[in-house]
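For the sequence shown, my numbering gives the first residue as 27, with consecutive numbering after it.
No residue lacks a Cβ here, since even glycine has one placed at the ideal position from N, Cα and C.
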Amino acid sequence: MNLNNRIKLSGMMFLEFFIWGSWFVTLGTFLGNNLKASESESAAVFSTQSWGAIIAPFIIGLIADRYFNAEKILAVLHLIGAVLMYQMYTATNVSVFYPYVLGYMILFMPTLALVNSVSFNQMKDPEKEFSSIRVWGTIGWIVAGLLISYVFFWDAKEAANAGLLKNTFLMGSIASLVLGLFSLTLPKTPPKGAGEEKVKIGEILGLDALKLLKDKNFAVFFISAILICIPLAFYYQNAHKFLSNIGVEGPTGKMAIGQISEALFLLLIPFFFKKYGFKKTILVGMLAWVIRYLLFAYGNAGNLSFMLIVGIALHGICYDFFFVSGQIYTNSKAGEKYKSSAQGLITLATYGVGMLIGFEVAGIITESYKVADGSFDWKMIWMIPSGIAAIVFLLFTLFFNDKDKVQETAI
27 MNLNNRIKLS GMMFLEFFIW GSWFVTLGTF LGNNLKASES ESAAVFSTQS
77 WGAIIAPFII GLIADRYFNA EKILAVLHLI GAVLMYQMYT ATNVSVFYPY
127 VLGYMILFMP TLALVNSVSF NQMKDPEKEF SSIRVWGTIG WIVAGLLISY
177 VFFWDAKEAA NAGLLKNTFL MGSIASLVLG LFSLTLPKTP PKGAGEEKVK
227 IGEILGLDAL KLLKDKNFAV FFISAILICI PLAFYYQNAH KFLSNIGVEG
277 PTGKMAIGQI SEALFLLLIP FFFKKYGFKK TILVGMLAWV IRYLLFAYGN
327 AGNLSFMLIV GIALHGICYD FFFVSGQIYT NSKAGEKYKS SAQGLITLAT
377 YGVGMLIGFE VAGIITESYK VADGSFDWKM IWMIPSGIAA IVFLLFTLFF
427 NDKDKVQETA I
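See the structure below:
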């Protein structure tokens with residue numbers, strides 16, 4: 027890959043995840059402070075990510091892969107996204123905000139696959155080249171958080187109470203406009219499915235891979251992957267609001283520690299796989315969820331603030347050791363015939379169905395522990411997902427007995 031394309035692809039990844047990180051991390055706090063949303067309304071807003079994940083395969087499989095260049099679709103989606111994001115910035119209540127965020131997530135989620143397609147199309151050896159490009163996405167997310175907390179101070183208590191978190195959507199809108207225009211300069215990535223046999227909906231959604239569930243161990247992993255999304259949803263939906271409520275300074279910037287951790291632990295997965303195998307690696311990921319939420323339950327913004335920082339830093343183990351390891355395991359079990367379908371099925375099950383259930387459960391639990399004065403019983407709110415993760419950990423320990431060697435295949 028020549029230097030010019032490497033710079034362009036790195037910039038594309040940076041902007042892609044800068045946009046997401048610029049508003050999604052602070053969304054829970056924004057909904058409560060600015061739009062006075064109830065917990066069920068917040069859950070519905072967060073669930074738009076899941077609806078986007080469910081619909082995304084249709085946009086990619088029926089349109090992007092068959093008729094248009096990936097970089098052109100990427101441009102169109104981000105340009106429309108910039109308009110929708112600006113409308114989110116101007117919204118004054120949840121009923122106005124919701125249609126825009128739903129439309130935005132339906133358009134944004136397919137771009138996660140499109141930026142990968144554009145990148146892979148320029149690579150001779152993706153296993154070696156992709157990580158150095160993709161890491162700029164993580165950097166973009168981190169920079170967005172640092173800007174919010176330490177440059178613009180939008181998440182400071184006084185600023186958040188004054189409604190300044192709405193500016194995160196304006197920042198995201200501008201970045202989306204920039205990426206939309208920038209995408210027109212990206213290397214050409216023509217469709218690969220044009221002229222081929224009629225597309226099958228089952229293949230797009232990964233339903234062809236359902237036969238893998240006949241394997242008891244894969245079925246146990248599949249169910250565990252859905253269930254572990256419930257604790258994950260609690261983090262996305264409540265973590266920033268929790269840190270803000272208890273008085274942690276610069277919560278957005280501190281949550282960026284999670285992305286730094288994610289990048290670091292991603293490099294350790296091959297080592298863990300080789301030394302401990304798939305089952306122990308994924309169990310460590312599950313156990314990290316249990317510990318993380320216990321740290322959140324008993325930590326505070328004062329003398330025990332280190333517990334909160336450790337809990338945030340565990341994100342790399344929580345996410346990489348379960349979800350990335352799970353993708354590798356799925357890849358090894360599927361074989362060449364069902365490799366793409368299997369990854370599509372796991373994505374649909376986790377970010378689609380699993381997170382949809384998770385956000386709903388998180389909303390119900392958080393609402394039920396809301397105190398009369400408007401504060402929350404955060405200890406109980408975090409103990410419950412910790413318990414759910416512990417149950418999944420035990421179920422996986424007891425019922426997953428796959429002795430096969432999992433190949434360390436790159437994602």
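Collapsed DSSP secondary structure at residue i in the structure displayed
| i | result |
| --- | --- |
| lysine 214 | coil |
| isoleucine 437 | Since pLDDT at isoleucine 437 reaches only 43, below the 50 mark, its modelled position is unreliable, and the value read off the structure follows with that caveat. Isoleucine 437 falls in the coil class under three-state DSSP. |
| lysine 150 | coil |
| lysine 62 | coil |
| phenylalanine 426 | coil |
| phenylalanine 402 | strand |
| phenylalanine 44 | helix |
| aspartate 181 | coil |
| asparagine 95 | coil |
| isoleucine 272 | coil |
| aspartate 346 | helix |
| phenylalanine 385 | helix |
| alanine 339 | helix |
| methionine 27 | coil |
| valine 102 | helix |
| threonine 278 | helix |
| glutamate 357 | It should be pointed out that residue 357 corresponds to asparagine in this sequence rather than to glutamate. Asparagine 357: helix per DSSP, three-state reduction. |
| asparagine 243 | helix |
| threonine 373 | helix |
| phenylalanine 260 | helix |
| leucine 330 | coil |
| threonine 164 | helix |
Where residue i falls, given that 16 or more other Cβ within 10 Å makes a residue buried
| i | result |
| --- | --- |
| phenylalanine 332 | exposed |
| proline 136 | buried |
| threonine 435 | Reliability of the predicted coordinates at threonine 435 is poor, the pLDDT of 47 falling under 50, and the value obtained from them is presented with this limitation in mind. Its Cβ having fewer than 16 others within 10 Å, threonine 435 is exposed. |
| isoleucine 390 | exposed |
| lysine 305 | buried |
| asparagine 119 | exposed |
| valine 122 | exposed |
| phenylalanine 322 | buried |
| isoleucine 372 | buried |
| alanine 117 | buried |
Beta-carbon spacing of residue i, residue j below 8 Å
| i | j | result |
| --- | --- | --- |
| lysine 214 | asparagine 31 | no |
| tyrosine 115 | valine 71 | no |
| threonine 278 | serine 351 | no |
| phenylalanine 43 | glycine 163 | yes |
| valine 387 | alanine 235 | no |
| isoleucine 243 | phenylalanine 56 | As written in the sequence, residue 243 is asparagine, which differs from the isoleucine given in the question. No. Outside cutoff. |
| glycine 47 | lysine 267 | no |
| proline 152 | isoleucine 256 | no |
| alanine 69 | phenylalanine 402 | no |
Selected residue, minimal CA-CA separation from residue i, among the options
| i | options | result |
| --- | --- | --- |
| tryptophan 167 | Leu330, Phe50, Leu239 and Asn59 | Phe50 |
| aspartate 241 | Gly342, Thr211, Val350 and Ala360 | Ala360 |
| serine 358 | Met114, Leu238, Tyr377 and Ala265 | Leu238 |
| tyrosine 262 | Ser76, Ser36 and Ile165 | Ser76 |
| alanine 139 | Gly78, Leu321 and Asp181 | Gly78 |
| tyrosine 442 | Ser48, Thr74 and Phe179 | The question about residue 442 has no answer here: the residues shown for the chain are numbered 27 through 437. |
| methionine 39 | Ile80, Leu100, Leu258 and Pro83 | Leu100 |
| isoleucine 254 | Leu421, Ser48, Gly47 and Val141 | Leu421 |
| alanine 265 | Gly325, Asn60, Glu97 and Val204 | Gly325 |
| alanine 170 | Leu309, Leu320 and Ala201 | Ala201 |
| alanine 282 | Phe179, Trp404 and Ile335 | Ile335 |
| isoleucine 81 | Leu110, Ala69, Tyr345 and Phe134 | Phe134 |
| valine 144 | Asn243, Gly384, Asn271 and Lys98 | Lys98 |
| alanine 416 | Ala339, Glu155, Val316 and Asp346 | Val316 |
| glycine 54 | Asn271, Ile372, Phe247 and Ile165 | Asn271 |
| methionine 197 | Met406, Phe299, Ile45 and Arg318 | Ile45 |
Residues bridged to residue i (per DSSP)
| i | result |
| --- | --- |
| lysine 34 | According to DSSP, which records beta bridges pairwise, lysine 34 is partnered with nothing at all. |
| lysine 396 | Phe402 |
Contact test: residue i Cβ vs the ligand FMN heavy atom, cutoff 7 Å
| i | result |
| --- | --- |
| glycine 337 | You won't find the ligand FMN in this model; it holds no ligand whatsoever. |
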